[in-house]
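J.:
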Amino acid sequence: QKEVEQDPGPLSVPEGAIVSLNCTYSNSAFQYFMWYRQYSRKGPELLMYTYSSGNKEDGRFTAQVDKSSKYISLFIRDSQPSDSATYLCAMNPQGGSEKLVFGKGTKLTVNP
Amino acid sequence: DTAVSQTPKYLVTQMGNDKSIKCEQNLGHDTMYWYKQDSKKFLKIMFSYNNKELIINETVPNRFSPKSPDKAHLNLHINSLELGDSAVYFCASSQKGYNEQFFGPGTRLTVL
Chain A
3 QKEVEQDPGP LSVPEGAIVS LNCTYSNSAF QYFMWYRQYS RKGPELLMYT
53 YSSGNKEDGR FTAQVDKSSK YISLFIRDSQ PSDSATYLCA MNPQGGSEKL
103 VFGKGTKLTV NP
Chain B
3 DTAVSQTPKY LVTQMGNDKS IKCEQNLGHD TMYWYKQDSK KFLKIMFSYN
53 NKELIINETV PNRFSPKSPD KAHLNLHINS LELGDSAVYF CASSQKGYNE
103 QFFGPGTRLT VL
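Protein chains in written order, with our numbering: chain A, 3 to 114; chain B, 3 to 114.
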């Protein structure tokens, strides 16, 4: 079993939809959870970061972590065509990013 | 004032050749990384350097040799290129103890 599992999609939604992106993981030592966004032919950029379990909201984006289920989610409200990108979850067992483990990424297309 | 820059952006070469990719960051970070992203978008770490010292060396063929002349630079030399080396190579940097990694724009390597 891979350490981090993420459905690669692709996922296609109409503009304005609520999008749910998810990852599961097997290593219970993971403490820090991140979502990176990667536009086509660009490098990934950090979108959201959470520590341990709980929710974090930033504008239209909400990150959720359920450590008991080893499951993390990213919700995008009122999705826009500019949200079209690949979303990669990433996690590590300790502070600092030296041992980040990435999911495979989910490709999202938001249609106008 | 690009934070993490890579050269070249595109590299097309014949099997068996030797090539180098260069990376520079102007963020003052002390840790730099090389990642390989394959055609399925899976981002996998290859190497990590902290203050010019190799700290992560994943299972990578020894045809790949990183070199860090100083904290701001991390180069990747690849000997005897093979078809399977075709991928996008990303450089990234971070500050030790912080979770965010900053990625460069990537170098798209095609081996013919």
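Even for Gly, the Cβ is constructed at its ideal location relative to N, Cα and C.
Quick one: give me the first and last residue of the beta strand (DSSP E) that M36/A is part of.
T.: From DSSP, the beta strand (DSSP E) with M36/A extends over 34–40.
J.: Give the interface partners of L48/A over in chain B, defined as CB-CB distance under 7 Å, in chain order.
T.: Going along chain B in sequence order, the residues near L48/A (Cβ under 7 Å) are E102.
J.: Please determine, among L78/B, F105/B, T112/B, the residue with the shortest C-alpha to C-alpha distance to L85/B.
T.: Looking at the Cα atoms, T112/B is the closest of the given residues.
J.: Inspect the CB distances between the stretch 83–94 of chain A and the stretch 106–113 of chain A and report whether three or more fall short of 8 Å.
T.: At 8 Å Cβ cutoff, the stretches touch.
J.: Please identify the residue among Q96/A, D80/A, P95/A, L102/A whose C-alpha is closest to the C-alpha of N113/A.
T.: Considering only alpha carbons, the answer is D80/A.
J.: How long is the line joining the alpha carbons of D20/B and L78/B, rounded to whole angstroms?
T.: Taking the straight line from one Cα to the other gives about 11 Å.
J.: Kindly say whether L110/A, judged by its beta-carbon, lies nearer than 8 Å to any beta-carbon of chain B.
T.: Judged by the 8 Å Cβ criterion, L110/A is not in contact with chain B.
J.: Is any beta-carbon of chain B found at less than 8 Å from that of F104/A?
T.: Chain B, which has a Cβ nearer than 8 Å to the Cβ of F104/A, makes this yes.
J.: Looking only at its own chain, which residues have a Cβ that is under 8 Å from the Cβ of Q39/B, when we skip the five neighbours before and after it?
T.: For Q39/B, where only same-chain residues beyond five positions count, the Cβ hits under 8 Å are L45, K46, A89, V90, Y91, F92, G108.
J.: Quick one: give me the first and last residue of the beta strand (DSSP E) that I84/A is part of.
T.: A small fix is needed here, since residue 84/A is Ser in this sequence, not Ile. Unbroken run through S84/A: none, as it is neither H nor E.
J.: What residues in the stretch 26–46 of chain B have a beta carbon less than 8 Å from any beta carbon of chain A?
T.: Answer in chain order: T33, K42, K43, F44, L45, K46.
J.: Using DSSP's beta-bridge definition, name the partner residues of K69/B.
T.: DSSP lists N77/B as partners of K69/B.
J.: Assuming contact is defined by CB atoms lying nearer than 8 Å, are L76/B and S70/B in contact in what I supplied?
T.: Yes. Within cutoff.
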